[in-house]
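Here the protein sequences line up with chains A and B, keeping their order. Following my numbering, the numbering of the first sequence begins with 491 at its first residue and continues without gaps. Following my numbering, the numbering of the second sequence begins with 14 at its first residue and continues without gaps. Okay, so here's the structure we're looking at.
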Amino acid sequence: MRKYWAVFKISWQNAVEYRAEFLGHMMLGLISLLVMYFIWSAVFKNREYFGNYTFSSMMTYMILVRFLHFVKRSNVGRQIAEEIKEGRLSVYLTKPVSYLRWWFASFLADRFFEALLRILMLFTFLLLFPKVFNFPGISRFLMVLFFLTISLLVNFLFNLFVATCAFFVTDIKLFHTSLFLIVDFLAGGQIPIDIMPGFLKTVGNFLPFQFMVFFPVKIYQGEFSLFQILQGIFICFFWIIFLGYFLRMFWLKGVERYEAVGQ
Amino acid sequence: MLIGLAPIIWMVTTVIFLSVIFKGTKEIGGWSFWELLLLTGIQEIIYLASWTTFLGNLINFIYSVDSGKFDLTLLRPVNHRFFVSFGALDITSILSIVNSVVLVSLSLANLKFSFSPDRILLFLFGLIIAYLVIYLLSFILASFSLFWIKGENFIRWLMETLDFDRYPAEIYSDWFKVFLLTFLPILFLGYVPTGILLGKLPGYFIFFGILIVAWLYIVSTLIWKKGLKNYQSASI
């Protein structure tokens with residue numbers, strides 16, 4: 491356990507070291523948020539409701555989508571796939587460490603740092619735009635944060651699952667971007683799942699991606715009862731076991747197949 | 014085949030997004046659903062044409078300044094500005110343009126408006142201006158890497174701001190619209206040519222576009238020359 495704690499600390503230091511670049515990246519997200527502000531302002535110009543949303547609840551949704559960016563990011567999958575493709579995985583296989591736990595420690599450090607910065611961003615919004623961004627109270631916010639730790643695990647396992655494909659195909663870049671565009675959409679990253687067209691709504695409600703954006707936002711907005719939240723946690727754990735099982739199977743098959751020819 | 018998949022998925026999700034928004038309204042900023050799809054398609058054509066011809070080259074140029082490999086370019090007996098901009102073609106984006114052309118055709122088929130030769134001519138001029146504006150903006154930002162080594166973020170910022178051009182400028186406040194037509198003239202990429210084609214904007218916007226291109230060209234040349242003097246081969 492100590493060695494993974496060391497990985498966590500080093501990854502944390504790395505994240506802190508590149509904080510300016512990180513902040514720059516975070517600010518990029520504000521541009522699309524501004525665009526969303528203008529579009530939804532135009533949509534709500536002559537109406538009070540869109541589905542069940544008021545302008546304020548829609549903007550709260552959009553701001554939270556930016557906040558939850560750290561939950562649905564896909565960089566880990568891409569990095570692991572690169573290591574497999576270039577043969578750098580061999581370095582880890584010869585060390586007395588678990589490659590996946592190593593990455594999980596690094597993933598947690600990176601995400602915790604980003605989460606802290608995004609929480610700061612959220613409170614800045616709260617101070618600057620209290621009319622469009624609602625705060626539901628500290629207890630519900632803490633409930634969201636608790637739920638996000640489970641969502642992060644779903645994201646990590648899904649990323650690994652995609653990365654494992656690098657054992658079987660030459661380059662996952664070809665479908666990685668496409669796949670994560672779909673994931674972002676079905677997670678509710680562009681429009682809330684409950685206002686999507688019928689078929690997509692069904693698909694979105696079935697797949698685990700909703701737990702990365704839509705579900706936590708709905709907890710934040712107080713639209714789920716305690717029973718629904720517990721049900722969500724239960725389904726999340728089902729997906730974690732499901733993904734974990736197939737990931738283990740794929741990973742072992744992949745390592746068996748792996749040839750460290752490098753480039 | 015998979016390379017062209019991401020732009021298709023992006024386009025499909027954009028169309029779904031727009032169709033959801035238009036469930037509750039007939040127009041946004043005075044633009045109908047099909048007019049907005051036409052704008053999306055035209056902007057995407059310009060964007061993909063940029064990737065095919067110069068964006069990848071300019072990003073490589075930024076990395077070459079970072080690594081010091083730009084020295085090798087400077088040693089070549091060529092026009093350096095042209096070489097770093099159009100040195101190689103990225104043909105993987107060409108296939109994706111087909112999706113946009115399909116979207117534009119579909120939108121035009123569903124729109125009821127009369128074509129006039131002068132409007133089509135102005136539209137074609139608008140497309141040329143759009144291409145020149147995105148090129149000159151990208152080139153100016155890429156040239157900043159001659160002053161600040163890690164320059165790739167500038168291009169990323171520009172790409173992100175293109176989102177403003179995916180929707181009709183009528184939804185923005187007046188001052189912001191002026192900003193996007195002058196200081197950061199990205200509305201010339203999709204909004205202006207589409208607006209002219211649909212008869213929503215007067216033809217003199219083309220004249221403004223020419224002035225903007227001339228202004229950007231002067232600025233880009235000044236920055237490029239000053240940047241070359243400043244370049245110190247900061248290899249790592």
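Note that CB positions come from ideal geometry on N, CA and C, so glycine has one too. Predicted model, so just to flag it, every value in this text is computed and none were measured.
Using C-beta distances below 7 Å, list every residue in its chain close to R89/B, excluding the 5 sequence neighbours before and after it, in chain order. Here the question's residue 89/B lines up with position 76 in the second sequence. F96, listed in sequence order.
Please classify L635/A: is it buried, with 16 or more other beta-carbons within 10 angstroms of its beta-carbon, or exposed? As a position in the first sequence, residue 635/A is number 145, starting the count at 1. Per the 10 Å Cβ criterion, exposed.
Applying the 10 Å Cβ sphere with the 16-neighbour rule, what's the burial state of W44/B? Taking the first residue of the second sequence as position 1, residue 44/B is located at position 31. By the 10 Å Cβ count, W44/B comes out buried.
Tell me which residue opens and which closes the alpha helix (DSSP H) that K238/B is part of. By one-based count along the second sequence, residue 238/B stands at place 225. Y217 to N243 is the extent of the alpha helix (DSSP H) around K238/B.
Using a Cβ cut-off of 8 Å (strictly closer), state whether M686/A contacts chain B. Counted from its first residue, the first sequence places residue 686/A at position 196. Yes, M686/A lies at the interface with chain B (some Cβ there is under 8 Å from its Cβ).
For chain B, find out if any of its Cβ atoms is closer than 8 Å to the Cβ of L518/A; answer yes or no. Translated into positions along the first sequence, residue 518/A becomes position 28. Closer than 8 Å: yes.
At a CB-CB cut-off below 8 Å, which residues of chain B make contact with S522/A? Translated into positions along the first sequence, residue 522/A becomes position 32. E173 and D176, listed in chain order.
By the 10 Å Cβ neighbour count, where 16 or more other Cβ atoms means buried, how is S32/B classified, buried or exposed? In the second sequence, the residue the question calls residue 32/B occupies position 19. Classification of S32/B: exposed, given that the 10 Å Cβ count is below 16.
Taking only beta carbons into account, state which residues of the region 115-148 of chain B come closer than 8 Å to chain A, listed in chain order. none
Compare the C-alpha of F665/A against each of A505/A, N649/A, T692/A and M633/A and name the closest. Stepping through the first sequence from its first residue, residue 665/A is reached at position 175. F665/A has its Cα closest to that of N649/A, out of A505/A, N649/A, T692/A and M633/A.
From this set, F136/B, L102/B, H93/B and L18/B, which residue's C-alpha is nearest F220/B's C-alpha? In the second sequence, counting from the first residue as 1, residue 220/B sits at position 207. The residue with the shortest Cα to Cα distance from F220/B is F136/B.
Applying a beta-carbon distance threshold of less than 8 Å, which residues of chain A neighbour G203/B? Stepping through the second sequence from its first residue, residue 203/B is reached at position 190. Those do not exist, as G203/B stays about 13 Å from chain A at its closest Cβ, beyond 8 Å.
Are the beta-carbon atoms belonging to Y494/A and W592/A less than 8 Å from one another? Within the first sequence, residue 494/A is the residue found at index 4, counting from 1. Within the first sequence, residue 592/A is the residue found at index 102, counting from 1. Closer than 8 Å, so yes.
Under a Cβ-count criterion, where at least 16 other Cβ atoms within 10 Å of its own Cβ denotes burial, should A496/A be classed as buried or exposed? For the purposes of this step, residue 496/A is taken as the residue at position 6 of the first sequence. When all chains shown are included, A496/A counts as exposed.
Quick one: what's got a C-beta closer than 7 Å to F160/B's C-beta in the same chain, skipping five residues either side? As a working note, residue 160/B is residue 147 in the second sequence. G240 and N243.
Quick check on Q711/A: buried or exposed, where buried means 16 or more other Cβ atoms within 10 Å of its Cβ? For the purposes of this step, residue 711/A is identified with residue 221 of the first sequence, where counting begins at 1. By the neighbour-count rule (16 or more Cβ atoms within 10 Å), Q711/A is buried.
From V707/A, F651/A and F540/A, pick the residue whose C-alpha is nearest to that of M739/A; which is it? In the first sequence, residue 739/A corresponds to position 249, counting from 1. Ranking the options by Cα distance to M739/A, first place goes to F651/A.
Sheet register partners of W592/A (DSSP bridge): Working through the first sequence from its first residue, we reach residue 592/A at position 102. Paired residue(s): none; W592/A is not in a bridge.
Distance, Y589/A Cα to A599/A Cα: For the purposes of this step, residue 599/A is identified with residue 109 of the first sequence, where counting begins at 1. For the purposes of this step, residue 589/A is identified with residue 99 of the first sequence, where counting begins at 1. Roughly 16 Å between the two C-alpha positions.
Does the beta-carbon distance from L50/B to S120/B come in below 8 Å? Start at 1 with the first residue of the second sequence, and residue 50/B comes out as number 37. Start at 1 with the first residue of the second sequence, and residue 120/B comes out as number 107. In this structure, S120/B lies closer than 8 Å to L50/B by Cβ.
Taking only the alpha-carbon atoms, compute the straight-line gap between S113/B and I199/B and give it to the nearest angstrom. Reading the second sequence from its first residue, position 100 is the one you call residue 113/B. Reading the second sequence from its first residue, position 186 is the one you call residue 199/B. Rounded to the nearest angstrom, the two C-alpha atoms are 19 Å apart.
Using DSSP with H/G/I as helix, E/B as strand and the rest coil, what is I249/B? For the purposes of this step, residue 249/B is taken as residue 236 along the second sequence, with counting starting at 1. Residue placement at I249/B is flagged as unreliable, the pLDDT there being 48, under the threshold of 50; a coordinate-derived value is accordingly withheld.
Using a Cβ-Cβ cut-off of 6 Å (strictly less than) and excluding sequence neighbours within five positions of L145/B, which residues of its own chain qualify? Position 132 of the second sequence, counted from the first residue, corresponds to residue 145/B. Result list for L145/B: V226, in chain order.
Going along the chain, which residues of its own chain have a beta-carbon closer than 8 Å to the beta-carbon of A595/A, five neighbours each way excluded? Residue mapping note: residue 595/A aligns to position 105 of the first sequence, counting from 1. The answer, listed in chain order, is Y494, W495, V497, F498 and S501.
Proximity to E165/B [Cα-Cα], best of T195/B, G139/B and I72/B: Taking the second sequence and counting its residues from 1, the one referred to as residue 165/B is at position 152. That would be I72/B, whose Cα lies nearest to the Cα of E165/B.
Against chain B: residues of the region 655-676 of chain A by CB proximity under 7 Å: L664, F665, T667, S668, L671, I672 and F675
Any idea which residues DSSP pairs W530/A with across the strands? The residue you call residue 530/A lines up with position 40 of the first sequence. For W530/A, which the question treats as bridged, DSSP gives no partner whatsoever.
Integer Cβ distance of F623/A from L632/A, believed to fall under 8 Å: Reading the first sequence from its first residue, position 133 is the one you call residue 623/A. Reading the first sequence from its first residue, position 142 is the one you call residue 632/A. F623/A to L632/A, Cβ: 18 Å. No contact.
Runs of alpha helix (DSSP H) wholly within the region 498-578 of chain A (minimum 4 residues, chain order): 509-533, 545-557, 559-562 and 565-576
Rounded to the nearest angstrom, what separates P181/B and L520/A at their Cα positions? Taking the second sequence and counting its residues from 1, the one referred to as residue 181/B is at position 168. Taking the first sequence and counting its residues from 1, the one referred to as residue 520/A is at position 30. So the alpha carbons of these two residues sit roughly 19 Å apart.
If you follow the alpha helix (DSSP H) that Y710/A is in, where does it begin and where does it stop? The count along the first sequence starts at 1 and reaches residue 710/A at position 220. Where Y710/A is concerned, the enclosing alpha helix (DSSP H) stretches over F704 to Y710.
Which one or two residues does DSSP pair with W44/B in a beta bridge? Mapped onto the second sequence, residue 44/B falls at position 31. Per DSSP, I41/B.
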